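J.: For what it's worth, the working numbering labels the leading residue of the sequence shown as 1139, then goes sequentially.
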Amino acid sequence: MNKSLEFLLKRIASEKYESDFTADEWSKCKVIPFDDCIRDYLESSDFPKQICHSNDGKFVYNGHSSYVKYDGDASFEYIHTVTYNHDGTLAFYIDTVKRCINDILCGATIDSRKAPLKKYQFDKFPPFQYTVGDILCAESADILPPNEKIKFPHTKQSVCIPIKFDLL
1139 MNKSLEFLLK RIASEKYESD FTADEWSKCK VIPFDDCIRD YLESSDFPKQ
1189 ICHSNDGKFV YNGHSSYVKY DGDASFEYIH TVTYNHDGTL AFYIDTVKRC
1239 INDILCGATI DSRKAPLKKY QFDKFPPFQY TVGDILCAES ADILPPNEKI
1289 KFPHTKQSVC IPIKFDLL
């Protein structure tokens, strides 16, 4: 079994991770290799211009430096998730994956349980490194939305990336 998926399923089983999807639904999720996805995304025309990057995995956004490294066998610490309701078209599916990746590239996710992090204000963070696993995508279609004004079924999609976070 994929180590990223294994980590997610263990977190769900131990009730350390609340998900809109069951462990059975996650076990059928799509697994996207992070390396392949990020390489294609960095070369695409819709990669955000305000995120600067170099070939060594360094990303700079709004003055923050972070490094992103892929290791499918890392000892992950937490999971970053983006959940989105949409009409099920491929454009929204891809957009949800990009939102999750962008949060990491912009340094917008940290493991707040780590005591040393609590002493920093977000705008004064030292450089840090994310070691990430594969991208996990689960979806369920034909869900009736909670908003009474919308009368058509939609797709709920969650994109998860397991992360190990280290200050440099």
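All C-beta atoms in this analysis are idealised placements derived from N, C-alpha and C, irrespective of residue type, glycine included.
None of the values given here were measured: they were computed from a predicted structure.
Hey, how far is the Cα of Asp1194 from the Cα of Tyr1216?
T.: Cα to Cα, the separation comes out at about 24 Å.
J.: Let's test the definition: count the other Cβ atoms within 10 Å of the Cβ of Leu1146 and tell me whether it reaches 16, buried, or not, exposed.
T.: Buried, since its Cβ has 16 or more Cβ neighbours within 10 Å.
J.: Between the region 1262 to 1272 and the region 1222 to 1238, can you find at least three pairs of beta-carbon atoms closer than 8 Å?
T.: They do not touch, by the three-pair rule.
J.: Distance, Cα to Cα, Ser1142 vs Asp1211?
T.: Distance between the alpha carbons of Ser1142 and Asp1211: 8 Å.
J.: Since Val1220 contacts Val1297 with CB under 8 Å, what's their CB separation in whole angstroms?
T.: Contact holds; Cβ gap of about 5 Å.
J.: Does Asp1211 come out as helix, strand or coil in the three-state DSSP assignment?
T.: Note: Asp1211 maps to coil in three-state DSSP.
J.: Can you give the Cα-Cα distance for Ser1165 and Met1139, rounded to whole angstroms?
T.: Taking the straight line from one Cα to the other gives about 10 Å.
J.: Going by beta-carbon coordinates alone, are Ser1192 and Phe1266 separated by less than 7 Å?
T.: Against a cut-off of 7 Å, the Cβ pair of Phe1266 and Ser1192 comes out as no contact.
J.: What three-state label does DSSP hand Ile1299 in the structure shown?
T.: Strand, per DSSP.
J.: Roughly how far, in whole angstroms, is the beta-carbon of Tyr1199 from the beta-carbon of Cys1244, given that I think they are within contact range, below 8 Å?
T.: Between Cys1244 and Tyr1199 the Cβ distance is about 4 Å, and since that is below 8 Å, they are a contact.
J.: Since Ala1353 contacts Glu1163 with CB under 8 Å, what's their CB separation in whole angstroms?
T.: The structure shown has nothing for residue 1353, since the chain only spans 1139 to 1306.
J.: Exposed or buried, what is Leu1306 when buried is set at 16 or more other beta-carbons lying within 10 Å of its beta-carbon?
T.: With fewer than 16 Cβ atoms within 10 Å of its Cβ, Leu1306 is classed as exposed.
J.: Which complete beta strand (DSSP E) runs does the region 1175 to 1246 hold, if anything under 3 residues is left out?
T.: List check, beta strand (DSSP E) in window: 1196 to 1199, 1202 to 1208, 1216 to 1224.
J.: Helix, strand or coil for Phe1172? Go by DSSP, reduced to three states.
T.: Phe1172 falls in the helix class under three-state DSSP.
J.: Report the residue from Ser1182, Ile1248, Phe1197, Leu1274 whose alpha carbon sits nearest the alpha carbon of Lys1302.
T.: When each option's Cα is compared against that of Lys1302, the closest is Ile1248.
J.: So, are the CB atoms of Tyr1208 and Phe1172 less than 7 Å apart?
T.: For Tyr1208 and Phe1172, yes; Cβs fall inside 7 Å.
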